[in-house]
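First up is the structure itself, then whatever we jot down about it.
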């Protein structure tokens, strides 16, 4: 018996018009961004009217003993102040297509241009915030300012810093940096201090987290807590995948015993993902911090004891970083259209992002992180 088969060209092909885009994680810093003085990442809009650089005034508290009935004239205290400069640069991107390619398209792939460009902008700002938290303070404009690629990260990028620059930052910020689980790991040479981080003893756990908070509260100039409620101080720590994993494991029993058990316990951090909280510290996982160690800060891959992987954790208070806008993101369109045959859609924005710092004291040379305490911990991958 002859059985008819369908020739390949006659086989039915169904094309879905619902396009699947690669996952882009939202900017996990967003809840802590705002225009208020209490924000961890402070948004500034002064340059929207024009200009390339803004000045952010910083003032420390008075520390003098003052006088009682003694003579006050000649014993006044000067106000320790500093102006941090923040430079902005442009960020642009676009996609273009020809009419002959759009004519072939069965799913309006080119119609995804706008959401794809929006995702690109979110990723760019998130990544540059991570770079800024890890950067070394600098009083000069970014090296790539105004170049073809632009440079919106103020300060010296960690991966481009010299040994001397890293050591200077380490010394200037000795009161707001921790290597591993104990203060005795500190060394004035940054690489030497990283080399003391033990792969087992110096993981990111509850004890070093609390140590970071205690040290941050003693730092000078003081790191102002993110918020105060009922006399309690709260900070926020941003951690990568591997450091967050170690802390979550260490807190598992505490969460099981101490957290509410409503809805059959499903709101307990043991059973669902989300921020951790301990001792007035909100710990937020930002997976891309780990990605930066893998792809950009590659010297940290073998920086620890026995060439172990090290990752940073950023414990933040108010005004830890600044995001200055020159132009909010807006859509752009290609004008050179070859008689309407080529169309192009783009996005365009101008901003600068930097870790806030102050010269301390006013007439000194130290450039201190204003609202960030940096910890380095052993963080092997799974």
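Residue numbers (the working numbering): 1 to 382.
We put the beta carbon where it would ideally sit given N, CA and C, even for glycine.
Since we're looking at a predicted model, the values are computed, not measured.
Hey, how far is the Cα of residue i from the Cα of residue j?
i	j	result
residue 92	residue 333	12 Å
residue 285	residue 374	15 Å
residue 171	residue 252	36 Å
residue 143	residue 217	34 Å
residue 384	residue 80	With the chain covering only 1 through 382, there is no way to say anything about residue 384.
residue 113	residue 330	13 Å
residue 202	residue 178	11 Å
residue 315	residue 62	25 Å
residue 38	residue 309	34 Å
residue 77	residue 64	6 Å
residue 134	residue 291	13 Å
residue 9	residue 115	35 Å
residue 74	residue 212	40 Å
residue 287	residue 359	32 Å
residue 185	residue 31	33 Å
residue 289	residue 204	14 Å
residue 219	residue 176	6 Å
residue 36	residue 281	20 Å
residue 157	residue 183	25 Å
residue 276	residue 254	11 Å
residue 7	residue 123	46 Å
residue 245	residue 33	25 Å
residue 339	residue 147	31 Å
residue 382	residue 165	32 Å
residue 298	residue 230	43 Å
residue 193	residue 380	18 Å
residue 250	residue 241	14 Å
residue 274	residue 29	13 Å
residue 169	residue 51	29 Å
residue 69	residue 141	49 Å
residue 2	residue 337	57 Å
residue 66	residue 232	29 Å
Would a C-beta distance cut-off of 8 Å place residue i and residue j closer than the cut-off?
i	j	result
residue 311	residue 243	yes
residue 349	residue 121	yes
residue 167	residue 189	yes
residue 117	residue 343	no
residue 234	residue 40	no
residue 150	residue 90	yes
residue 317	residue 224	yes
residue 101	residue 296	no
residue 191	residue 163	yes
residue 237	residue 209	yes
residue 345	residue 53	no
residue 119	residue 206	no
residue 221	residue 368	yes
Measure how close the beta-carbons of residue i and residue j come, nearest whole angstrom, since I'm counting them as under 8 Å.
i	j	result
residue 376	residue 137	Contact flag wrong, Cβ pair sits at about 17 Å.
residue 153	residue 131	5 Å
residue 88	residue 352	4 Å
residue 319	residue 354	In fact, because the Cβ distance is near 11 Å, the residues do not count as touching under 8 Å.
residue 98	residue 341	6 Å
residue 180	residue 378	7 Å
residue 129	residue 321	7 Å
residue 247	residue 283	6 Å
residue 126	residue 187	Not a contact, Cβ separation roughly 32 Å.
residue 239	residue 313	5 Å
Counting only C-beta atoms, is residue i closer than 8 Å to chain C at any point?
i	result
residue 75	Among the chains in the structure shown there is no chain C, since it carries only a single protein chain.
Give a single yes or no on whether residue i has its beta carbon closer than 7 Å to a heavy atom of the ligand COA.
i	result
residue 97	In the structure on display, the ligand COA does not appear, and there are no ligands present to speak of.
Would you call the stretch 300-315 in contact with the stretch 193-213, where contact means no fewer than 3 C-beta pairs closer than 8 Å? yes
Below 8 Å, how does it come out for the stretch 53-61 and the stretch 81-97: are there three or more Cβ pairs, yes or no? yes
Stretch-stretch touch, CB-based, cutoff 8 Å, three pairs: the stretch 318-328 with the stretch 27-47: yes
Entirely enclosed alpha helix (DSSP H) segments - the stretch 294-375, minimum 4 residues: none
Starting from the N-terminal side, write out each stretch of the beta strand (DSSP E) that is 3 residues or longer and does not extend beyond the stretch 32-77. Here the runs fully enclosed are 41-44 and 53-59.
Quick check on the DSSP output: what are the complete alpha helix (DSSP H) runs of length 4 or more inside the stretch 148-216, in order along the chain? Fully enclosed alpha helix (DSSP H) runs of 4 or longer: 163-172 and 190-195.
Residue ranges of each beta strand (DSSP E) run of no fewer than 3 residues wholly in the stretch 77-150, ordered along the chain? Runs of the beta strand (DSSP E) inside the stretch 77-150: 81-87 and 89-98.
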